[in-house]
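Everything on this sheet refers to the single structure shown next.
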Amino acid sequence: MAQLSGVPILILKEGTERKQGKDAQKNNIAAAKAVAEAVRTTLGPKGMDKMLVDSLGDVTITNDGATILDTIDVEHPAAKMIVEVAKTQDDKVGDGTTTSVIISGELLNLAEELMEQSVHPTIIFRGYRKALLKSKEILQELAINIDINDMKTLMQVAETSMNSKLIAGVKNHFADIAVKAVSQIKEERGNNLVIDLDQIQIIKKEGKSLLDTNMLDGIIVDKEVVHPMMPKLAKNAKIALVNSSLEVEKTEFDAEIRIQTPDQINKFLEEEANMLKNRVTKLKEIGANVVFCQKGVDDKAQNFLAKENIITVRRVKRSDMEKLARATNAKIINNIYEISENDLGNAGKVEEKKIGDDNMIFISECADPKAVSILIRAGIEHVVDEAERMLHDALSVVKAAIELPYILPGGGASEIELAKRLRTYARSIGGREQLAIEVYANALEIIPKTLVENAGYNPVDLIVELRSKHETEEGNSNGINIDTGKPDDMIKMGVLEPLSVLTQAIQSATEVSSMILKIDDVIAASGLSKGPEL
-4 MAQLSGVPIL ILKEGTERKQ GKDAQKNNIA AAKAVAEAVR TTLGPKGMDK MLVDSLGDVT
56 ITNDGATILD TIDVEHPAAK MIVEVAKTQD DKVGDGTTTS VIISGELLNL AEELMEQSVH
116 PTIIFRGYRK ALLKSKEILQ ELAINIDIND MKTLMQVAET SMNSKLIAGV KNHFADIAVK
176 AVSQIKEERG NNLVIDLDQI QIIKKEGKSL LDTNMLDGII VDKEVVHPMM PKLAKNAKIA
236 LVNSSLEVEK TEFDAEIRIQ TPDQINKFLE EEANMLKNRV TKLKEIGANV VFCQKGVDDK
296 AQNFLAKENI ITVRRVKRSD MEKLARATNA KIINNIYEIS ENDLGNAGKV EEKKIGDDNM
356 IFISECADPK AVSILIRAGI EHVVDEAERM LHDALSVVKA AIELPYILPG GGASEIELAK
416 RLRTYARSIG GREQLAIEVY ANALEIIPKT LVENAGYNPV DLIVELRSKH ETEEGNSNGI
476 NIDTGKPDDM IKMGVLEPLS VLTQAIQSAT EVSSMILKID DVIAASGLSK GPEL
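In our numbering, the protein residues as written are -4 to 529.
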């Protein structure tokens, strides 16, 4: 609405809601804080779990920040920005989603207090940016370089990521699987080390226990052999990957064939059978005893293949075909007549097994496979799903630790040390930006404070004790021992996290909080909800 000579002029469409200045800022901050509070109690080994029920009534029980925020239906636009922080964190490094969201909420909470003291949002924004840049420098100084082949350290990194999960009792077993899987698929391309987690196939099946989860040095195909007379086991398998059908191909245009005698019908059918037999003969001649076909396999072709004792699987997914190629070193062939012995892959064993109610094909004992499978087992569906989420975090942090081989002590140790050094840095800046940097340092301490609260201890006493420990040089790696409620050396305890996880968490948190702080006008179309509720 504007005024011209006392006559109101309508600028925005009728029904549009607009909030300006402090009202808009407070509204946005309240929404962001609500999201942070929703996941805050899940942080740490003693964190609580959330039960999420979707619109269809399906239940998910988890304390994984990314899963919680992805499942809940967030309405407020500022709250959606916080959810995006979690998604970005999960996409970039796969862990630390809850940490990034909690820090975002605390940065906004403390910024609101500064704004009430008449500190302009732009000053806070500048202070936060300086604090972020300094934080990255400090974290690089604190980080410890590791050997990417040091399995013990990588195991500790994986276990730390799983400490807070619902099924942390089997973290040692899952950490071992995660380290072996990531180490197996890593590749050197020029001077770069490439790890593609999509090359780790995860299959979930209910039944047995979590300790029956295992990694296969090969691929699992969720199919069964096409013909009952085919063998169920092949050792020293020679594998052909065929991206075409083993069927009589139809013509691209309509054709009419005039048949006048029964002999002509027989010849026609014999010729069709010969076409299929020639393809099977070609596979047999080059020594293939296992065939994975991306398309269909005709009944006659199945009979010919069964007679030659060639295990055949049809309609295999393209993604599985690509993984099979990487695992067995086979080439995917479009024309069977062009296939040669050099195109075949190798595996020590190909076997059809019954897992639960389903038959599956296990391609195992591959030599140096660059794609592997992990079969997750557990008694009930909820536990299987949570085990998959736990394994995702473990695989992600191991990947992060290998790609950028630096680690930091966990348990809040890095955040306490970072906050201490930022306060020293703030004094060198001066002015009102100093207040923003000090607030930034205080916001980082929300992580150790939350860990303590979720474990049931007094946060005030323990944080003071931790600060005191960090005043000494040898106390830099002291964090919270959740079992005793006392400071302890996190490196000696094996509580370690990759440098990239914490760096990404504080970067994402700083960027989103700065963005929300700079919004002083919210113009919402009619019909949209503007409240801070989730």
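All residues carry an ideal CB built from backbone N, CA and C; glycine is no exception. Only a predicted model underlies this, so the values are computations on that prediction, with no experimental measurement involved.
What is the rounded straight-line gap between the Cα of residue i and the Cα of residue j?
i: Gly470; j: Lys21; result: 39 angstroms
i: Val165; j: Met43; result: 18 angstroms
i: Ser240; j: Val286; result: 12 angstroms
i: Glu460; j: Met485; result: 15 angstroms
i: Ala438; j: Met46; result: 28 angstroms
i: Gln255; j: Asn341; result: 50 angstroms
i: Gly426; j: Val54; result: 51 angstroms
i: Thr208; j: Leu128; result: 42 angstroms
i: Asn167; j: Leu430; result: 44 angstroms
i: Met150; j: Ala395; result: 13 angstroms
i: Met(-4); j: Ser99; result: With a pLDDT of 48 at Met(-4), under the threshold of 50, the predicted position of this residue should be treated as unreliable, though the coordinate-derived value follows. Roughly 34 angstroms separates the two Cα atoms.
i: Thr36; j: Thr445; result: 8 angstroms
i: Glu466; j: Ile118; result: 29 angstroms
i: Gly489; j: Asp483; result: 11 angstroms
i: Val243; j: Lys290; result: 12 angstroms
i: Ser524; j: Ile234; result: A caution first: Ser524 carries a pLDDT of 49, below 50, which makes its placement in the model unreliable, though a value can still be read off. Spanning the two alpha carbons is a distance of roughly 58 angstroms.
i: Gly477; j: Thr94; result: The residue you asked about is not Gly; residue 477 is Ile in the sequence shown. Computed Cα separation, rounded: 17 angstroms.
i: Lys312; j: Ala27; result: 42 angstroms
i: Glu79; j: Lys227; result: 48 angstroms
i: Glu528; j: Asp456; result: With a pLDDT of 47 at Glu528, under the threshold of 50, the modelled position of that residue is not reliable, and no figure is offered here.
i: Val69; j: Asn104; result: 20 angstroms
i: Ser156; j: Val392; result: 7 angstroms
i: Ser472; j: Lys464; result: 9 angstroms
i: Ala531; j: Ala29; result: No answer is possible for residue 531: the residues shown for the chain start at -4 and end at 529.
Round the Cβ separation of residue i and residue j to the nearest angstrom and send it over; I've been treating them as touching at under 8 angstroms.
i: Lys175; j: Met210; result: 6 angstroms
i: Ser503; j: Gln84; result: 5 angstroms
i: Cys288; j: Val237; result: 5 angstroms
i: Ala170; j: Glu154; result: 5 angstroms
i: Leu64; j: Leu390; result: Wrong, their Cβ atoms sit about 20 angstroms apart, outside the cutoff.
i: Ala61; j: Ala81; result: 5 angstroms
i: Asn284; j: Ala232; result: 6 angstroms
i: Glu381; j: Thr92; result: Rounded, the Cβ-Cβ distance is 15 angstroms, inconsistent with contact.
Shortest alpha-carbon distance to residue i belongs to which of the options?
i: Leu51; options: Thr62, Asp145, Thr66 and Thr37; result: Thr66
i: Gln297; options: Lys272, Ala26 and Gly374; result: Lys272
i: Ile190; options: Val88, Pro223 and Ser95; result: Val88
i: Ile475; options: Thr467, Arg462 and Glu466; result: Arg462
i: Arg377; options: Leu205, Gln194, Ala414 and Val69; result: Before going on, a small fix: residue 377 reads as His here, not Arg. Ranking Leu205, Gln194, Ala414 and Val69 by Cα distance to His377 puts Leu205 first.
i: Leu102; options: Thr505, Ile518 and Thr467; result: Thr505
i: Thr539; options: Ile141, Ser314 and Val345; result: Here the chain has residues from -4 to 529 only, and residue 539 is not among them.
i: Lys302; options: Gln289, Leu278 and Ala320; result: Leu278
i: Asn158; options: Asp90, Asp212, Pro400 and Ser178; result: Asp90
i: Lys487; options: Glu448, Thr148, Ile281 and Ala382; result: Thr148
i: Lys230; options: Ile281, Glu219 and Asn304; result: Asn304
Taking C-beta to C-beta, are residue i and residue j nearer than 9 angstroms?
i: Ile197; j: Ile77; result: no
i: Pro454; j: Gly406; result: no
i: Ala25; j: Val96; result: no
i: Lys200; j: Ile350; result: yes
i: Gly532; j: Lys203; result: Any question about residue 532 goes unanswered here, given that the chain covers just -4 to 529.
i: Ile195; j: Ile369; result: yes
i: Ala450; j: Gly480; result: yes
i: Val367; j: Asp258; result: no
i: Ser178; j: Met146; result: yes
i: Lys125; j: Ile424; result: yes
i: Ile214; j: Asp315; result: yes
i: Gly122; j: Glu428; result: yes
Segment contact flag, the stretch 376 to 391 with the stretch 110 to 129, C-beta cutoff 8 angstroms, min 3 pairs: no
contact_flag[the stretch 493 to 505, the stretch 129 to 144] where n(CB pairs < 8 angstroms) is 3 or more: yes
Stretch pair the stretch 404 to 419 + the stretch 167 to 185: three plus CB contacts closer than 8 angstroms: no
Stretch-stretch touch, CB-based, cutoff 8 angstroms, three pairs: the stretch 348 to 367 with the stretch 317 to 330: The stretch 348 to 367 makes contact with the stretch 317 to 330, as at least three CB pairs between them are under 8 angstroms.
Touching by the beta-carbon criterion (3+ pairs, under 8 angstroms), the stretch 511 to 521 and the stretch 407 to 424: no
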